[in-house]
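Reviewing the structure listed below.
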Amino acid sequence: MAKQAKPVEQVDSVIVRFAGDSGDGMQLTGGRFTSETAVLGNDLSTLPDFPAEIRAPAGSLPGVSGFQVHFADHDILTPGDAPSVLVAMNPAALKTNLHDLPRGATLIVDQDTFTERNLVKAGYDANPLEDGTLDGYDVHTVPLTSMTLEATKDVEGVTKREAERAKNMFALGLMSWLYHRPTEQTVAFLERKFAKRPEIAETNKRAFHAGYAFGETTEDFAVSYEVKPAKLRPGTYRNITGNQALAFGLIAASVKSGLPLFLGAYPITPASSILEELARHKNFGVRTFQAEDEIAAVGAALGASFGGSLGVSTSAGPGVVLKSETVGLAVALELPLLILDIQRAGPSTGMPTKPEQADLLLVMFGRNSESPVPVLAASTPGQCFDAAVEAARIALKYRTPVYLLSDAYLANGSEPWLLPDVEAIPDIDAGFTTEAPPDGDFHPYVRDDDTLARPWAIPGTPGLEHRIGGLEKQDLSGNVSYDPENHDLMTRLRAQKIAGIASDIPELEVDDPDGAELLVLSWGGTYGPVAAGVRRVRGGGGKVAHAHLHYLNPFPRNTGEIVGAYDKVLIPEINLGQLRKLIRAEFLVDAAGFNLVRGLPFRASEVQEAIEAML
Amino acid sequence: MSEPNGNGTQPQLTAKDYKTDQEVRWCPGCGDYAILAALQGFMPELEIPKERIVFISGIGCAARFPYYMETYGMHSIHGRAPAIATGLSVSRPDLSVWVVTGDGDALSIGGNHLIHALRRNVNIKILLFNNEIYGLTKGQYSPTSPRGKVTKSTPMGSLDWPFNPISLAIGAEASFVARAIDTDRAQLTEVLRAAAAHKGSAFVEIFQNCNIFNDNAFDFVREDKENRIYLQHGEPVRFGPGGERGVRLRGDGSAEVFEGDGDALVWDAHHPEASPAFALSRLTRDTVGATPIGVFRDVERPVYDDLMDDQLRAASEQKEGELGALLAGGDTWTIS
Ligand code: SF4
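The listed protein sequences correspond, in order, to chains A and B.
Per our numbering, the very first residue in the first sequence carries number 48; after that it's consecutive.
Per our numbering, the very first residue in the second sequence carries number 2; after that it's consecutive.
Below you can see the structure in the form of structure tokens.
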């Protein structure tokens, strides 16, 4: 590309949102912009926002799909509250996104799409480009569609429709110029993606270059912006989404335990991409089984566990409820099993693509009788990797089903991820029992003194043939027992085993530089916005402590001590107070809640306000 | 049949070796006893070390079965045994996995898992003990009870049209479908042998008398042996005293019973089309007062477990899995 002739302004952080029709390729555009940004070395965080409908009517409000990227020259925690730049590909995209855009922000719209018909579809009585609606914004109306057509008109063998669809690349080219993003990788990407149709690749490349050149030459954009690379920890990075990190974590757990990975899954939003990712890595001995239903998915995983695999099932709330009986069986069988719940807004089908944190009590208690299960929750897209490895470790070591919670925000959101040192990830010892006891009488419910875990003897091991099942077991022998005292004992043993995991997990860390009186206690996918809110409060001189729970059952052993040490405790959650209920019940602490259940992640500013209201 | 497992071949086992120390708790006179004895008697024939045999059951009277077999076993959840067995079988192709189920377990609450295991052709052997009643819950009608059945939950007679398990299995693309009678040990053993030798899913319906809640349900073939239409591959289908009755296909493909001479259908269990087997499955107590016993269908089809293994092998041959390389895949950048 030619040298920048226009003035360049340095900025420390930018939030860009691409919004358009679901057919406009906004996810791809956002993804490419993210890759360019990652390679440049900015810290970043992304948030796709797409409708559940695959193709809602073109131009309609429900059909709008968005992708937000926050990038900066310093470390950042969230995809950002409000965009500094909105690219709106049609009136519907403008209408649904404008309310998030603060006055003064930059707005780039495709003026070609502001036709009578599209305006009506978006519910505009008058053209917002002309009626003053956009006063106070830095508006750039660009004839994106017609310029795309003009730039690509010489490419042979491409229909007008196909050429028009390259307008997202024009927009990407323009944005790449505006923020000095490197372009080589996008060109290479387009060549790869459309290798089978070189004329389409050519069309997209031309549109992309035309967008870039337009930025350079038009007087409409007087300056361009530069965001310097961030000073992140040294090492090699990649950009990763939460679901990808979960899939990689499961493979890592399989490699480190030496157990083949078996995934039983049924397609469900927003968990399906874990199944799809794992299905691509059969060379690690990964068996992915797309079952007939959610029940069979987890059943097959448990069957595989019985046979010595690392059995995993992935789902979201509406699927997790169907898995309860199998998780209950796994509690009784005391076999390892990992269930990933990628939480989404409910009840029932709810809002499939939107995040929520409201399955906590479901996974804690959603089984018949006393059936304790460890619960972990991932905090950021990258942390999903560690969470998966850790959840697998606990399941294998304690012979128990384990729930790992993520959500739609982490699943699809992405951030730069410092590649872990593979050698440094500890091995996980599955510890199969392989030898028959000297007297030949194998007792499958004898317990390890430390962990209270029972032996795991897999079929194929001579001399250890045994039967297990959902009926209550006699302590030690594992025979069916209806003895009242034995049932009481077994109930307590199962509970003690899970409670004892507290001594095997890290203590809860508190970030409290100033000796605060207020503790903010968060869990799961709200880490970024809550930590960012805390930073803002401190930036304004407020004193606030922050602790984030990755373990919900059992809680870290010092949790009671910590929540008891502060005058005030605030628990922000995207539910109506589920962790708060647990903390209050467990530790008799009068914790307050900050709860918004909109199917959206928190904004840092909202958390900030909630904290400040309590100071 | 299978190689020794590296721990040395086991000495000749007998039925006794497959008995556990658990007291068998079915009602006296229950048909389950005969099936258990037949299976324990047959197991040594498998010549598979017993640590490589696994019985998985759901819930119901029949589901107690694994407790009485000195192999690996799991007494699981109502209806889910085929799903659990699928996970075990595909992840452990070295095992011989058997599912023991009942008419309520397999055809009501677990119907979905059954049909999908059969269509996939997972390498599991499914033994369905059909007693046409819910025994464990004390006598409610089941999905195989005849319509009008008066039970505790249907005092005026049941309204449901029943499943024909053999028709259902054939319709579900099962590659092996057979029927046996609890008390007919010789024929039951023969069917078990064929099921064990079959590669892929094998579905065996066993008429099992529940003498407490549904006594005599199968008397028409259990007591009256003349009504058993034994299917022998390559033999004409004939039954009755002196084989005086025959079975043939009509022009429309349905089956009929005829008296006396005439060309009876020569049975082909390996017929590539499922229609003849389906036609025979429609000969029942209700339609002709007799019913076929033996192997309805036994065809070769790729086994799910093998197909999955092939994919795993092909993938690793193409590129050995290496964790570091996996994590560093895609665009990376380095900060120093
Ligand atoms: S109730 Fe019927 S099926 Fe159950 S054990 Fe008794 S006789 Fe057998």
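Glycine is no exception: its CB is placed at the ideal position from the N, C-alpha and C atoms.
Since the model is a prediction, treat every value here as computed from it, not as a measurement.
Residue-level contact check: T373 (chain A) touches chain B, since one or more beta carbons of chain B fall below 8 Å from its beta carbon.
Annotation: Q74 (chain A) to R283 (chain B) spans about 55 Å, alpha carbon to alpha carbon. From the listed residues A:E177, A:L133, A:L176 and A:D59, the smallest Cα separation to D122 (chain A) is found for A:D59. Within chain B, no residue has its CB atom less than 7 Å from the CB of Y529 (chain A), the nearest being about 12 Å off. According to the DSSP assignment, L565 (chain A) belongs to the beta strand (DSSP E) that extends over L565 to W570.
When the beta-carbon positions are compared, H146 (chain A) and D267 (chain A) stay at least 8 Å from each other.
At a cut-off of 8 Å between beta carbons, H597 (chain A) makes no contact with chain B. For N113 (chain B), the closest Cβ of chain A is nearer than 8 Å. Taking the Cβ atoms as the reference, L129 (chain B) lies roughly 27 Å from P156 (chain B), outside the contact range of under 8 Å. Three or more beta-carbon pairs separated by less than 8 Å are not found between the segment 360–369 of chain A and the segment 601–617 of chain A, which leaves the two stretches without contact. Only residues of its own chain outside the window of five on either side were considered, and among them G67, D68, G106, D157, T160 and N165 have a CB closer than 7 Å to the CB of N137 (chain A), listed in chain order. Note that the segment 124–138 of chain B touches the segment 98–115 of chain B; at least 3 beta-carbon pairs, one per stretch, sit closer than 8 Å. With respect to the 8 Å criterion, W224 (chain A) and E177 (chain A) are not classified as neighbours on the basis of their beta carbons. For Q232 (chain A), the nearest beta carbon of chain B is closer than 8 Å to its own beta carbon. Not a single heavy atom of the ligand SF4 lies less than 7 Å from the C-beta of G59 (chain B). Spatial neighbours of E381 (chain A) in its own chain (CB-CB distance under 6 Å, excluding positions within 5 residues in sequence) are listed in chain order as R446 and R501. The beta-bridge partner set that DSSP reports for G247 (chain B) consists of B:R239 and B:F259. In the structure shown, I618 (chain A) falls within a strand segment according to DSSP collapsed to helix, strand and coil. Its chain contains S426, T427 and H595 as the residues whose beta carbon lies nearer than 7 Å to that of Y574 (chain A), once the 5 sequence neighbours on both sides are disregarded; these appear in chain order.
Straight-line spacing of the CA atoms in P273 (chain B) and P95 (chain A) works out to 51 Å. In the DSSP secondary-structure assignment, I336 (chain B) is bridged to A:G282. Annotation: the continuous beta strand (DSSP E) that includes M75 (chain B) extends over Y73 to H76.
Within 10 angstroms of the beta-carbon of S352 (chain A) lie 16 or more other beta-carbons, which makes it buried. Cα atoms of D128 (chain A) and V55 (chain A): separation of roughly 25 Å, rounded to the nearest angstrom. Near chain A, meaning a CB-to-CB distance below 7 Å, the residues of the segment 67–94 of chain B are P67, Y68, E71, T72, Y73, G74, M75, H76, S77, I78, R81, A84, I85, A86, T87, G88, L89, V91, S92 and R93.
Short note on F634 (chain A): C-beta not closer than 7 Å to any heavy atom of the ligand SF4. Listed by position along chain B, the residues whose Cβ is nearer than 7 Å to that of K329 (chain A) are Q312, L313 and A316. Contact between the segment 139–151 of chain B and the segment 249–259 of chain B is absent, with fewer than three C-beta pairs closer than 8 Å.
Around the Cβ of H513 (chain A), a 10 Å sphere holds 16 or more other Cβ atoms; the residue is buried. When C-alpha distances from S92 (chain B) are compared across A:L466, A:G296 and A:G354, the shortest belongs to A:G354. DSSP places L384 (chain A) inside the beta strand (DSSP E), whose first and last residues are L384 to Q390. Residues of the segment 235–252 of chain A whose Cβ lies closer than 8 Å to any Cβ of chain B: none. For the segment 173–208 of chain B, the full-length beta strand (DSSP E) segments reaching 3 residues or more read 177–182 and 203–208 along the chain. For Y231 (chain B), the enclosing beta strand (DSSP E) stretches over residues R229 to L232. Residues of the same chain with a CB within less than 8 Å of the CB of K370 (chain A), apart from the 5 flanking positions on each side, are E341, I342, A344, V345, S360, S362 and I386 in chain order.
Judged by beta-carbon spacing, A312 (chain A) lies beyond the 8 Å limit of L357 (chain A), meaning their Cβ atoms are not closer than that value.
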